[in-house]
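Protein chains in written order, with the UniProt record's numbering: chain A, 1 to 115; chain B, 1 to 115; chain C, 1 to 115; chain D, 1 to 115.
The beta-carbon is built from N, C-alpha and C at its ideal position, and this holds for glycine as well.
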């Protein structure tokens, strides 16, 4: 079994053991996902951009925890609909390639509507 | 090469071709990640919990796109520090197992501090 | 002096005394604002909708604090551009009246594009 | 009647006319509030801090709209519990004065726990 499938199985077991599926409606998981994403933002909010490349040890550990949290909720939400995270990410990247053609998007942070 | 490594490589190439690393400070990616997470919340905000289990086709497609976006930014942020997403998620799940022991957490949505 | 102007003045004094304007770029305040908004979401994330109408005392106190935080950052951000919060809210409400005419929007949670 | 009370009344009337209270559980409003706060973040996500002080005209207009949206949802949420926004903001500011005494907090962006 690959690592992602292994994690999905462990995550499912974790929630089943605690009888937490009753709280885990997709709506609620979406909320929890955004809350965890904001905890990542909190790490960076008063930093200058330069600083953010070079975190102190405790900030790095905090970030690792929060990245883990976001990933777990993301996977949990995807699992509710049998969505394959890697597949939808691959598709979205392919879509972005068309939306942001290299010759127009190179070096620009403009949104595609403005390109 | 496994699917995750393949995606990481394609993502890196996508940004390199567009010369977008200059915009992708960890601080900025954290912001983009939370913005995409909120676009998932937006799908569910006026739904009842029950409804959220059973999305209409266009809602499901929208969700797949946003899950893809969140995953891409999450991976992009992790890559900035050579963090292995699956490894930090696995560690976080192990930590949660200790924080929320089955005998105390079963059937309860209380935060661990209140258990 | 009315209460809002009084609060704006006290907020400005608070930050000036601590020499915090250096951290308070609009970009950073926007991040802090969204982090505080997520702390409100956190209060409600595992509740059923019905429950959310009737908070326990400690939840209510937590909510009051977070509402205060969001308001303070919102005002701080508006002040950076001399934007009058009540005026832009009034304008937005007037705009929404046109976007969501009563005869079409009544009893519907659809986004205006779908109306 | 002062401007805030006038706005609260108009907001209430707006929702009553559209029969939207049924969708406006505090839980749902909290979600909508955080979604709107993220739309403010979106304006700034690829900007450098310096740029964020000096928005272009269309960015400024977008910001005004989103500030209006956040304020309206913030007021709507507060109204659900008869919470006075200005009062809780005033209280939070007073609390922050104690948490961040000038002699310790001056010129520092550290969280109070680290002071």
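Using the beta-carbon count (16 or more within 10 Å), is residue i buried or exposed?
| i | result |
| --- | --- |
| residue 7 of chain C | buried |
| residue 18 of chain B | buried |
| residue 115 of chain D | exposed |
| residue 68 of chain C | buried |
| residue 92 of chain C | buried |
| residue 103 of chain A | exposed |
| residue 94 of chain A | exposed |
| residue 56 of chain D | exposed |
| residue 61 of chain B | exposed |
| residue 106 of chain C | exposed |
| residue 64 of chain A | buried |
Between residue i and residue j, how many whole angstroms is the CB-CB distance? I'm expecting something under 8 Å.
| i | j | result |
| --- | --- | --- |
| residue 66 of chain C | residue 40 of chain C | 5 Å |
| residue 15 of chain D | residue 2 of chain C | About 25 Å separates the two Cβ atoms, so there is no contact after all. |
| residue 46 of chain D | residue 109 of chain A | 4 Å |
| residue 33 of chain D | residue 74 of chain D | 6 Å |
| residue 36 of chain A | residue 35 of chain C | Their Cβ separation, rounded to whole angstroms, is 12 Å, which puts residue 36 of chain A and residue 35 of chain C out of contact at 8 Å. |
| residue 86 of chain C | residue 4 of chain D | 6 Å |
Tell me which residues share the same chain as residue i and place their Cβ nearer than 6 Å to its Cβ, disregarding the 5 neighbours each side in the sequence.
| i | result |
| --- | --- |
| residue 52 of chain A | 44 |
| residue 48 of chain A | none |
Among the residues of its own chain, which have a CB less than 7 Å from the CB of residue i, if the five just before and after it don't count?
| i | result |
| --- | --- |
| residue 72 of chain A | 11 |
| residue 21 of chain B | 15 |
| residue 77 of chain C | 26, 29, 30 and 33 |
| residue 59 of chain A | 43 |
| residue 24 of chain A | 15 and 76 |
| residue 96 of chain B | none |
Could you name the residues of the same chain whose beta carbon sits closer than 8 Å to that of residue i, not counting the 5 residues immediately before and after it, in chain order?
| i | result |
| --- | --- |
| residue 54 of chain B | none |
| residue 70 of chain A | 33, 36, 37 and 40 |
| residue 81 of chain D | 26 |
| residue 116 of chain D | Outside the shown range of chain D, which is 1 to 115, sits residue 116 of chain D, and nothing can be said about it. |
Quick one, which residues of the segment 60 to 73 of chain D are near chain C if we go by CB-CB under 8 Å, in chain order? 60, 63, 64, 65, 67, 68, 69, 70, 71 and 72
Using Cβ-Cβ distances below 7 Å, what residues of the segment 27 to 38 of chain B are close to chain C? 31 and 34
Could I get the ranges of all uninterrupted alpha helix (DSSP H) runs contained in the segment 12 to 93 of chain C, with 4 residues as the minimum, in chain order? 26 to 44, 49 to 52 and 57 to 80
Return the residues of the segment 76 to 103 of chain C that lie within a Cβ-Cβ distance of less than 8 Å from chain D, sorted by chain order. 77, 78, 80, 81, 83, 85, 86, 88, 89, 90, 91, 92, 93, 95, 96, 97, 100 and 102
Under 9 Å, CB to CB, which of the residues in the segment 5 to 21 of chain A have a partner in chain B? 6, 7, 10, 11, 14, 17, 18, 19 and 20
Chain D contacts made by the segment 42 to 53 of chain B, where a contact means CB separation under 8 Å: 42, 44, 45 and 46
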